[in-house]
Structures are given as C-alpha cells and as structure tokens.
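Visitor:
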Amino acid sequence: MASTVIPSVYSDPHFIGNRRVITHLMEWKYDDIGNECERFLGPYGYGGVQVSPVNEHAIMDGRPWYERYQPVSYVIQTRSGNEQQFRHMVQRCNRAGVRVYVDVVLNHMTGGQQGLGTAGNYFNGHEQQYPGVPFGPEHFNGPESCPTENLEIIDWDNPVQSRNCRLFGLRDLKQSCEYVRRKQIEFLNKLIDFGVAGFRCDASTHMWPEDLQNIFSRLNNLNEEFFPSNSRPFIYHEIIYYGGGGINPNEYISLGRIIEFRFWKEITNVFRGHNQLKWLRNFGTEWGLIDSSDAFIMIDSHDLRVGHNGELGFNINCFEPQLLKAATAFMLAWNYGIPRILSSYRWKQIVKDGKDLNEWVGPPTDLFGNIISIKINPDESWNNQYWMCEHRWKQIYNLVRFKSIVDDEPIINWWDNGDNQIAFSRGNRGFIAFNLQKTRLNNDDNGNADYDKNQLDLRKRLQTGLPAGTYCDIISGDRDGNKCTGKSIIVDQNGWANIYIGHNELDVFFATHLEAKLTE
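Numbered continuously in full-length UniProt numbering, the sequence shown closes out at residue 520.
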C-alpha cells in the first residue's frame, strides 16, 4: 500500500528506529508513565505513548473520565501530576526511546457549570469566565457566529454550526480571535519545549482548518535535545467521519494525520462476524479509506470503550479479551497507518437497553480521590483489579515487535478459505494466520446447527514467505533460547509450512517472524 500522496509536515511521529506503535496510557500518573517507559515500553519496542490531557480541567461530581476534556486553564496540573512531574516524565520517556504525545483540547472550555479546576482556578462556564487563562465572553463564539437559537450544534453536517456552535454545551472558543490563538500557541509551545513529540487534537471536526493552520504554523520546532533540527510536531486529529455528507477529513490532511474511524468500524464489523475475513484482502484505500500515509488507526479508544463514538455491543474492548486481541493483531500485522493501543482500567459495567450506565466512571482512585498507581510485581503481573494494561498482554506486545520486524514489507502470499480463515505474509519477514470460522458459523446458525467441528479448524499447508527453518509461534508462546514455549512450524526450502489453528484454542491467530526462528 505504498503512498503516492505527499504527507503533511505534521505526519511524522518521530519514532526511533523501527518502532511503529503508540499506546495510550489512559489516566496514568506521570511518574508511573515514566517508570513504564523505562521498564516496559522502551524495552518492548513501543514507539510512543499518548497521555490524557495535561492541563487544568473542571472537577466534576463523581470525577468522570470526561472531566479531563473540559479545560479550565492551560496550567499543567491534573490528578496525574504537576508540571515538574510531567516534564520529568517526558525526559525519561525520550531517553528510553519512547516519544510522548499529549491529548490537547483546543475547541472549547467547560460546560455551563462553575467551580474550581484541578489547579485551584475558579471558573464560571455560564458567564464564560476563565480567569486562569484568562478568557472572557469575548473569546467565545456566540449569536454573532453561531446561527442556532440555543447556540448548540443541531445539524452536524453543517460546517458553520459544527465549528461555531457548542459541542454538547461546551463553551466554544473563537479561534479566529488572535488572543485565543496566542494563548493556545503558548501552551503548545511549552509542551514542545519540554520535549513532547506531538499532539492528539481533540474534536478537530469542530474547528476551522484555517484556524488550526494558523496555530500550527506558529509552533516551535521540536526540542533539539531529543529530535533532529527543524523537526515539526506530529499531530493527529479526531475527525469522526464514516462516509456520506459529514465534514470530510480531506480538509485536514495538510494539518497532520487523521484518526480513521472507518478503519475501526470495518475491522470491528469483520471480527464481530458481520462480514467475512476474506474480504480484507484489499483492505485500505480500495475500501474508501484515506491514504496510509495520512492515517492513524485504533481498535479501541477512551471514547469507543464506552460507546461514545460507537455502539455498545458493537465496539470491542477489554471485556472481550479474545476478540480484542484478534482484532488488534490484524491491525498490527496489516500495512496501513500508524496504530495505537488503548491501555485502560476496570469499571463495573451496568448495561441496560444497550447502554453502559457506568460509562462515565473515571480511573481507579483511593478514598481521597487520588489515582491509584500501577504496581508491577516481580513476575511482571500488575494490580489488575484496577488496571487492564492491554499494552502488556503478551499477544499484543509480541505483535508490536512483529510490526517493527516486518517494517514496510508488502502484504503477499494471501490465502483464504472463501470465508473466515485467512493468512498472509509481510514480505519474507513475517507471517500471520487467523481462524474465525467458529464465530462465523455460530452467528449463522444461532448455535443450533449440527456441524463437524473438524471443519472449524484451520489445517492447511500454506506459503509463509519465510526462509527455511523452525519458527516459534509468538502468540501461544515465545522463543526461549533455541526452543519454543508454544507452538512451532517447520518451513521448507520453498517457504511452505503446515499451519494449524484449532477451533477451541484460546487465541484464534498464529504469528511468527524472522527473530522467532530457531538456530540450526
């Protein structure tokens, strides 16, 4: 899927070496992120870490996760830590080979409530007063620029409403105002000077591209202590677009990468059994997705895990680990975009009428509302009664390594059984196979059909593209010296091997690569 499109100057994530994957450590404390960069993300080949919004935000009743998306000022102070802790974390991660990307909220401030922010600054959303910046009513869009009577977005496909009116009541900043731009530029440049590599830009759909271009063009180059001279920040945008009449992501292509929600939607549709694996043969731009060099992709996110941008029961999250691992494996094995892995936390699901009533629940905290730290035990386990740590699941971090090894090698040697078993290689450096046949048949017959279970197994001699030798499966085990702790395959002189994935195995995929080969 080689690109013929000239990428944006903001599309380079500045990974070190062949690192290819970002993880989002949602709501983690800065000291814990620094520790994780040094002890796990760096050693296991992650290229970057996204952190939740770092600036002061509203303190809301119950402390929901989305309070971090309601800014009060641009002071760096949240429950994750203060400015000094954040800066130290950025330095530690860069030295471990892990880039840091900050989730930034530029479109708006809080809703109509009033109170104190996480740095102690008072705010009044009703009167649009934010003295911690300071911002006042003149810095927000009102009746002069928003055409709706209640100043709320009604027609989401209307560019003026979508960009000048309020997103669910959040006070909409007037970025055409030079003062607003200057305050946001000061904030972003402070983060860049600390050593941040770039930003996830929240709600870009609701900001005018020309306003963002003005802001981005005035950002500093990245800190030369960690980056080559003249490096521009990496920026990826939340543009929620599924095709049709919405605001088109092509308007933002020059401003960085686009979070391609159609990738999530189509892959989820397949791995849920609503479409067949065989159709993924040409997945990417031929399906109408944006060019790979412009794309940023995910299976799960801080929004999707609770159905905010999707549908509960359609989304794939940590409560269905087998499905999440399989869909993530395809994302990491496929040659498209820059992938991100969500690393989230536990919450008690209460599902009613297809909606999780606890979707608002924030991170794990103690009795005083302080975020509970990640505790890593000597055996590499963690306090998983609180934290999910999907980035530490073996099937996922081994595929992170897979992606760095196969690099940009093309997808070749595609095979499918005409239904829900597929396999392909990445040049001559890696091979992967999937077996979702059981899922498909169960969906078709509601579990009542009498079928031969042997037909559900993937048992086939396939072209792997690999040099001859014995290779360990990195999903069921690892290579340990000169032996495999899980399954293995023998590749002949012509690249062929017998591949087996049983219908009742814990994981529905098999993968290997050059570094999983046993020495002769």
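For each residue, glycine too, the CB sits at the ideal point set by N, CA and C. All figures in this text were calculated on a predicted structure; none of them were measured in a lab.
My output table needs one value for methionine 89: the three-state DSSP class, helix, strand or coil.
Guide: The count along the sequence shown starts at 1 and reaches residue 89 at position 89. The answer is helix: DSSP assigns methionine 89 an H, G or I state.
Visitor: Is arginine 232 near valine 9, with beta carbons less than 8 Å apart?
Guide: Here residue 232 is taken as the residue at index 232 of the sequence shown, counted from 1. Here residue 9 is taken as the residue at index 9 of the sequence shown, counted from 1. Against a cut-off of 8 Å, the Cβ pair of valine 9 and arginine 232 comes out as a contact.
Visitor: Short of 8 Å in beta carbon distance, which residues of its chain neighbour glutamine 349, apart from the five on each side in sequence? Order them along the chain.
Guide: On the sequence shown, residue 349 is found 349 positions in, with the first residue counted as 1. Closer than 8 Å at Cβ, skipping near neighbours: Phe319, Asp356, Asn358.
Visitor: Comparing C-alpha positions only, which one of Cys37, Met388, Ala326, Asn335 sits nearest to alanine 295?
Guide: Position 295 of the sequence shown, counted from the start, is the residue given in the question as residue 295. Checking every option, the nearest Cα to that of alanine 295 belongs to Asn335.
Visitor: Output the distance between the C-alpha atoms of glycine 246 and aspartate 157, rounded to the nearest integer angstrom.
Guide: Residue numbering aside, residue 246 sits at position 246 when the sequence shown is read from its first letter. Residue numbering aside, residue 157 sits at position 157 when the sequence shown is read from its first letter. In a straight line, the C-alpha of glycine 246 is about 5 Å away from that of aspartate 157.
Visitor: Whether or not the stretch 186-198 and the stretch 161-178 are in contact is what I'm after, with contact meaning three or more pairs of Cβ atoms, one per stretch, closer than 8 Å; do they touch?
Guide: Not touching, per the Cβ criterion.
Visitor: Comparing C-alpha positions only, which one of Ala333, Trp347, Asp291, Gly288 sits nearest to asparagine 317?
Guide: Start at 1 with the first residue of the sequence shown, and residue 317 comes out as number 317. Out of Ala333, Trp347, Asp291, Gly288, Trp347 has the C-alpha closest to the C-alpha of asparagine 317.
Visitor: Could you give the distance in angstroms between the alpha-carbon of residue 554 and the alpha-carbon of aspartate 480?
Guide: Nothing can be reported for residue 554, as the shown portion of the chain is limited to 1 through 520.
Visitor: Aspartate 480 bridges to which residues according to DSSP?
Guide: Here residue 480 refers to the residue found at position 480 when the sequence shown is read from its first residue. According to DSSP, aspartate 480 bridges with Lys483.
Visitor: As a quick exercise: from Ile267, Asn55, Gly307, pick the residue whose alpha carbon is nearest that of isoleucine 299.
Guide: Taking the sequence shown and counting its residues from 1, one reaches residue 299 at position 299. Ranking Ile267, Asn55, Gly307 by Cα distance to isoleucine 299 puts Ile267 first.
Visitor: Taking DSSP as the reference, what is the three-state secondary structure of threonine 205?
Guide: Along the sequence shown, read from residue 1 onward, the residue named residue 205 stands at position 205. Three-state DSSP puts threonine 205 in a helix.
Visitor: Does proline 363 pass the burial test, meaning 16 or more other C-beta atoms within 10 Å, or should it be called exposed?
Guide: Position 363 of the sequence shown, counted from the first residue, corresponds to residue 363. Proline 363 comes out buried.
Visitor: If contacts are defined as beta-carbon pairs under 8 Å, then lysine 183 and phenylalanine 140 qualify, I think. What distance do you get, rounded to the angstrom?
Guide: Residue numbering aside, residue 183 sits at position 183 when the sequence shown is read from its first letter. Residue numbering aside, residue 140 sits at position 140 when the sequence shown is read from its first letter. So it is not a contact: roughly 13 Å between Cβ atoms.
Visitor: With a threshold of 8 Å on Cβ separation, who are the neighbours of isoleucine 6 within its own chain once the five nearest residues in sequence on each side are excluded?
Guide: For this step, residue 6 is matched to residue 6 along the sequence shown. No residues qualify anywhere along the chain.
Visitor: Out of curiosity, what's the CA-to-CA distance linking valine 98 and glycine 42?
Guide: The residue given as residue 98 occupies position 98 in the sequence shown. The residue given as residue 42 occupies position 42 in the sequence shown. One C-alpha to the other measures close to 6 Å.
Visitor: Is it right to say threonine 23 is buried, meaning 16 or more other beta carbons lie within 10 angstroms of its own, or is it exposed?
Guide: Counting from one through the sequence shown, the residue named residue 23 turns up at place 23. So threonine 23 ends up on the buried side.
Visitor: For my contact list, isoleucine 259 and histidine 237 are in at a C-beta cut-off of 8 Å; report their separation, rounded to the angstrom.
Guide: Here the question's residue 259 lines up with position 259 in the sequence shown. Here the question's residue 237 lines up with position 237 in the sequence shown. Correct: roughly 6 Å between the Cβ atoms.
Visitor: Grab me the residues of lysine 460's own chain with a C-beta within less than 7 Å of its C-beta, minus the 5 sequence neighbours each way, in chain order.
Guide: To locate residue 460, count along the sequence shown from 1; it is residue 460. Excluding residues within five positions, the ones whose Cβ falls inside 7 Å are Ile499.
Visitor: Can you tell me whether tyrosine 122 is buried or exposed, with buried defined as 16 or more other CB within 10 angstroms of its CB?
Guide: Taking the first residue of the sequence shown as position 1, residue 122 is located at position 122. It counts as exposed.
Visitor: Taking a contact to mean a Cβ-Cβ separation below 8 Å, would you say leucine 462 touches alanine 497 in this structure?
Guide: Reading the sequence shown from its first residue, position 462 is the one you call residue 462. Reading the sequence shown from its first residue, position 497 is the one you call residue 497. Contact: yes.
Visitor: Mark glutamate 56 as exposed unless 16 or more other C-beta atoms lie within 10 angstroms of its C-beta, in which case mark it buried.
Guide: As a working note, residue 56 is residue 56 in the sequence shown. Buried is the call here.
Visitor: Among Leu323, Trp208, Tyr101, which has the Cα closest to the Cα of tyrosine 46?
Guide: Counting from 1 along the sequence shown, the entry for residue 46 is found at position 46. Here the closest residue by C-alpha is Tyr101.
Visitor: Where asparagine 315 and arginine 392 are concerned, what is the direct C-alpha to C-alpha distance, given to the nearest angstrom?
Guide: Position 315 of the sequence shown, counted from the start, is the residue given in the question as residue 315. Position 392 of the sequence shown, counted from the start, is the residue given in the question as residue 392. Between asparagine 315 and arginine 392, the C-alpha separation is close to 21 Å.
Visitor: Nearest by alpha-carbon distance to arginine 63: which of Leu312, Phe368, Glu311, Asn124 is it?
Guide: Locating residue 63 in the sequence shown gives position 63, counting from the first residue. Nearest of Leu312, Phe368, Glu311, Asn124 to arginine 63, Cα basis: Phe368.
Visitor: Report all residues from its chain with a CB closer than 8 Å to the CB of threonine 78; omit the five preceding and five following residues, and keep chain order.
Guide: Position 78 of the sequence shown, counted from the first residue, corresponds to residue 78. Taken in chain order, the residues that qualify are Ser52, Pro53, Val54, Asn55, Glu56, His57, Arg68, Thr118.
Visitor: Mapping the DSSP letters down to three states, classify glycine 198 as helix, strand or coil.
Guide: In the sequence shown, the residue the question calls residue 198 occupies position 198. Strand, per DSSP.
Visitor: Run the CB neighbour count on alanine 449, radius 10 Å, all protein chains shown included, and call it buried at 16 or more, exposed below.
Guide: Along the sequence shown, one-based indexing puts residue 449 at 449. At alanine 449 the pLDDT is 48, less than 50, meaning the model places this residue with poor confidence; the figure from the coordinates comes in the next sentence. Exposed.
Visitor: Rank Arg171, Glu210, Leu212, Phe227 by C-alpha distance to the C-alpha of aspartate 193 and give the top, closest one.
Guide: What you label residue 193 is simply residue 193 of the sequence shown in a count that begins at 1. When only C-alpha atoms are compared, the closest one is Phe227.
Visitor: Looking at C-alpha atoms only, which residue of Gly427, Ser176, Asn230, Val72 is the closest neighbour of glycine 120?
Guide: Position 120 of the sequence shown, counting from 1, holds the residue named residue 120. Nearest C-alpha to glycine 120: Val72.
Visitor: Closest by CA to glutamate 138, which one among Cys146, Cys177, Ile154, Leu167?
Guide: Counted from its first residue, the sequence shown places residue 138 at position 138. That would be Cys177, whose Cα lies nearest to the Cα of glutamate 138.
Visitor: Can you say whether arginine 39 is buried or exposed, counting buried as having 16 or more other CB atoms within 10 angstroms of its CB?
Guide: As a working mapping, residue 39 is identified with position 39 in the sequence shown. Burial call: exposed.
Visitor: Looking at the secondary structure, which residues open and close the beta strand (DSSP E) in which tryptophan 496 lies?
Guide: Here residue 496 refers to the residue found at position 496 of the sequence shown. That run of the beta strand (DSSP E) goes 496-501.
Visitor: Let me know if glutamine 213 comes out buried or exposed under the rule of 16 or more other beta-carbons within 10 Å of its beta-carbon.
Guide: The sequence position of residue 213 within the sequence shown is 213, counting from 1. Exposed, by the Cβ-count rule.
Visitor: Answer with buried or exposed for glycine 34, where buried requires no fewer than 16 other C-beta atoms within 10 angstroms of its C-beta.
Guide: Taking the first residue of the sequence shown as position 1, residue 34 is located at position 34. With 16 or more other Cβ atoms within 10 Å, it is buried.
Visitor: Lysine 325 and aspartate 419 - do their beta-carbons sit closer together than 8 Å?
Guide: The residue labelled residue 419 in the question sits at position 419 within the sequence shown. The residue labelled residue 325 in the question sits at position 325 within the sequence shown. It is not a contact, given that the beta carbons lie outside the stated cut-off.
Visitor: For tryptophan 414, which residues does DSSP report across the bridge?
Guide: Here residue 414 refers to the residue found at position 414 when the sequence shown is read from its first residue. DSSP lists no partner for tryptophan 414.
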